[in-house]
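Asker: For reference, the structure I am asking about is given below.
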Amino acid sequence: MKPQLVMVVLLIFSGLYMNTGMALVRDPFTPSYQMPCDEQATNLLKQIQVWQFKGLIKNSDTSYEQLWLSSDNQWLAITAGVIPNVLFPWQIQTLVADKIVWQANLADYCHDVVLWTMQLNK
2 MKPQLVMVVL LIFSGLYMNT GMALVRDPFT PSYQMPCDEQ ATNLLKQIQV WQFKGLIKNS
62 DTSYEQLWLS SDNQWLAITA GVIPNVLFPW QIQTLVADKI VWQANLADYC HDVVLWTMQL
122 NK
């Protein structure tokens, strides 16, 4: 009698374990599809390439600096390195006299970054 009882308890626990595992797989916050790394890079480049540099406002003491970008009659001001959400996940890697180098991190499983150079219109 006891071996049968142990067997029933094990079956119940294994059933609960399987249901718990299946519920985690169906979690809507867990992505079931991972976009290929090259597709991510292509999408990110399309996102940043629609923006063009339009100007730089800089105080003589260089304590205030503001970059202006535009795309399809939409303007973005970047002040103190704070990037507007519309450009997420892009960040400014370097800003030199004739160009801005932008950097975006790909998903963690790609272990890579995308770089894009925006020429400054003088």
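Everything in the sequence shown is counted per the working numbering, starting at 2 for the first residue and increasing by one. Glycine is no exception: its CB is placed at the ideal position from the N, C-alpha and C atoms.
First and last residue of the alpha helix (DSSP H) that includes I84?
Answerer: Run containing I84: none; DSSP gives neither H nor E here.
Asker: How long is the line joining the alpha carbons of N86 and I79, rounded to whole angstroms?
Answerer: 11 angstroms
Asker: Tell whether a beta-carbon distance below 9 angstroms holds between Q119 and W69.
Answerer: Sequence check: residue 119 is Met here, not Gln. No. Outside cutoff.
Asker: Skipping 5 residues on each side, what residues in its chain have a beta carbon closer than 7 angstroms to that of Y110?
Answerer: Hits under 7 angstroms: Q35.
Asker: Can you grab the Cα-Cα spacing for the pair V102 / I13, in whole Å?
Answerer: The straight-line gap from Cα to Cα measures roughly 58 angstroms.
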